[in-house]
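Notes follow the structure.
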Amino acid sequence: MDLSIVFEHSIEGIIAFRKNGIILNCNPAGAQIFGEPAQAIIGRNLADLVAFAEGRNSEVPFAIGLWETQALRNNGTDSAVEITVSETRLTGEMQMIAIIRDITERKETQDRLAFLANYDSLTGLPNRVLFRDRLVRAMERARRGNQGMSLMFLDLDRFKVVNDSLGHEVGDLLLIHVAKLLTSTLRKVDTVARSDGEASTVSRLGGDEFTIIVEGLKHASAAAEIAERILKELAEPFVHAGQEIYISTSIGISLYPADDTDLDGLIRHTDMAMYRSKDLGRNTYNFYSDDMNATVAARLALEADLRHALERGEFALHYQPKINIRTGAVSGVEALIRWSRPGMGTVAPGFFISALEDTGMIVPVGAWVIQAACAEIAYWDQLGLLPLSLAVNLSARQFRQHDLAEMIGETLRSTGLPANRLELELTESLRAGRLICRINEAAAAGPRSCQQLR
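Now the structure itself:
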């Protein structure tokens, strides 16, 4: 077999050179890798064309073996290469042979996979995996340096409403905006709140959840200063396509080592503090305190009981009359849910509606409310009572259900309640816009009107 044919047509670069690095021959594939004609490469030193691999002895730059390095091109577009160096006898003398493969695409793929493993693809912030790693390192630095450190959890308020009403594309743009705002805000407060030379890390755990690690705190109140600055910056509207979008966040703060010296413990306590901010009305921050453990335990017990309340028949409906101010007559009623919790008596909705929302139980419970209320009003009709309109509240999560219109239509058909007597009242968490089409769909199935409460 004519080796010159293999040399000329190989898809891999082949370079023959002396032990001192002087190039004796170069095939077309090798010339293409370096971006120069073969004749321009022959006679040069291979050391001028590649970067020395880390840890290599520059006096023996081309020892036998497999190396990854960079091909240095004159135009500055260096590429990653893999070089296999061997020694052979050609034309009566010992020569070195370098088989060169362009691995730029492979390296880019590896780098991309490494990025996706550690960073959020939307915002470019560290993800949950890298966040935990950086938190471990930050806690260790704080321990060694006997310094303060703070962990913050941020959960955007009512982000799902924005995402569902304006679309996921706008929701993504809003998340990118928040990520940039958090990063820039931390830079602004660096010199005020933290010791020189220390770092802070903003991460996105997923969805609308962000974390901030603040190292080198001079005093605990500095964490509050940062939280206040974040709330202030977020108060400014995000403008998209001429529309102002307002967003706020609930922030939980824990301190190392005061609140916990364990990684998962510190995360858990910060999460508790964040939920305390949610419970207190949102758009605020709270530090962790020991009493939150009892609060969380009570919340978990509440959620556990709620999951069985529907199947156990513990929910009931009360009806609040609507009075016609001109005639003084009752013109309709609003259905209000109550929960008879075992051992606790009747529980008002203010104590459990948010838990229904958080657990997703609001959907089946809300469907039960509509069905039970329609059936009861229809029964009153059979008793010969004055025909009344019925108002039922819809939550944001209920309104996002794709089969909402079908469920309402079937309820009206099965109960016999006239469609013009059912009103759907949307909570203040819902906004107009593209959701109007859902209102029209529901109206076509029967309900008389949809009102947005202010």
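Numbering (full-length UniProt numbering), first residue to last: 1 to 454. Where a beta carbon is used, it is the ideal one built from N, C-alpha and C, also for glycine.
Shown here, ARG282 sits in coil according to DSSP, grouped into three states, outside any helix or strand.
Annotation: ASP111 to VAL369 spans about 53 Å, alpha carbon to alpha carbon. Assigned with DSSP and collapsed to three states, HIS240 falls in strand.
For GLN398, the enclosing alpha helix (DSSP H) has its first and last residue at 396-399. Here DSSP, grouped into helix, strand and coil, assigns LEU300 to helix. HIS219 sits exposed, since fewer than 16 C-beta atoms from the chains shown fall within 10 Å of its C-beta.
Beyond the five residues adjoining it in sequence on each side, THR185 comes within less than 8 Å, by CB distance, of ILE226, ARG229, ILE230, GLU233 in the same chain, given in chain order. Residue pairing for CYS374: DSSP places it in no beta bridge. MET407 carries a helical assignment under DSSP once its states are collapsed to helix, strand and coil.
By the C-beta criterion, the stretch 253-269 is judged to be in contact with the stretch 149-157, since at least 3 inter-stretch pairs fall below 8 Å. Between CYS26 and ILE11, the C-beta spacing is not below 8 Å. Fully enclosed alpha helix (DSSP H) runs of no fewer than 4 residues occupy 128-145, 159-166 of the stretch 128-176, in order along the chain.
Classified as buried, THR415 has 16 or more neighbouring CB atoms from the shown chains inside 10 Å of its CB.
Boundaries of the alpha helix (DSSP H) around SER221: 221-234.
Looking from the CA of LEU217, the closest CA among GLU209, SER200, PHE210, GLN401 belongs to SER200. TYR119 and ASP78 have their C-alpha atoms some 26 Å from each other. In this chain, ASP290 is not harboured by any beta strand (DSSP E), its DSSP state being neither H nor E. DSSP places HIS9 inside the alpha helix (DSSP H), whose first and last residues are 3-9.
DSSP lists TRP339 as the beta-bridge partner residues of PHE315.
Within its own chain, no residue has a Cβ closer than 7 Å to the Cβ of GLU236 once the five positions on either side in sequence are excluded.
Rounded to the nearest whole angstrom, the CA to CA distance from VAL365 to ALA355 is 12 Å.
For a cut-off of 8 Å, the C-beta gap from ARG18 to MET96 is around 7 Å, short enough to register as a contact. Two segments are said to touch when three or more pairs of C-beta atoms, one from each, lie closer than 8 Å; by this definition the stretch 374-387 does not touch the stretch 340-349. The beta-carbon distance between VAL170 and HIS269, rounded to whole angstroms, is 34 Å. This is too long to meet the 8 Å contact definition. Sorting ASN293, LEU166, ASP164, PHE159 by C-alpha distance to the C-alpha of LEU175 places PHE159 at the top. ARG204 sits buried, since 16 or more C-beta atoms from the chains shown fall within 10 Å of its C-beta. The residue among TRP67, ILE213, LEU266, LYS180 with its C-alpha nearest the C-alpha of LEU122 is LYS180.
Residue ASN393 holds the alpha-carbon nearest to the alpha-carbon of GLU425 among ILE408, LEU412, ASN393, ARG413. Here VAL81 is actually not in contact with ARG106; their C-beta atoms are around 11 Å apart, not less than 8 Å. Taken atom to atom, the span from the alpha-carbon of GLY167 to that of LEU130 is near 29 Å. Nearest C-alpha to ILE323 among PHE315, GLU314, LEU317, VAL333: VAL333. When the beta-carbon positions are compared, GLU423 and ALA373 stay at least 8 Å from each other. For ARG421, there is no enclosing beta strand (DSSP E), as DSSP gives it neither H nor E. DSSP, read as helix, strand or coil, puts LEU310 in coil. Non-local beta-carbon contacts of THR359 in its own chain, meaning distances under 8 Å to residues more than five positions away in sequence, involve GLU303, LEU306, ARG307 in chain order. Note that the C-beta distance between ILE353 and ARG397 is not below 8 Å.
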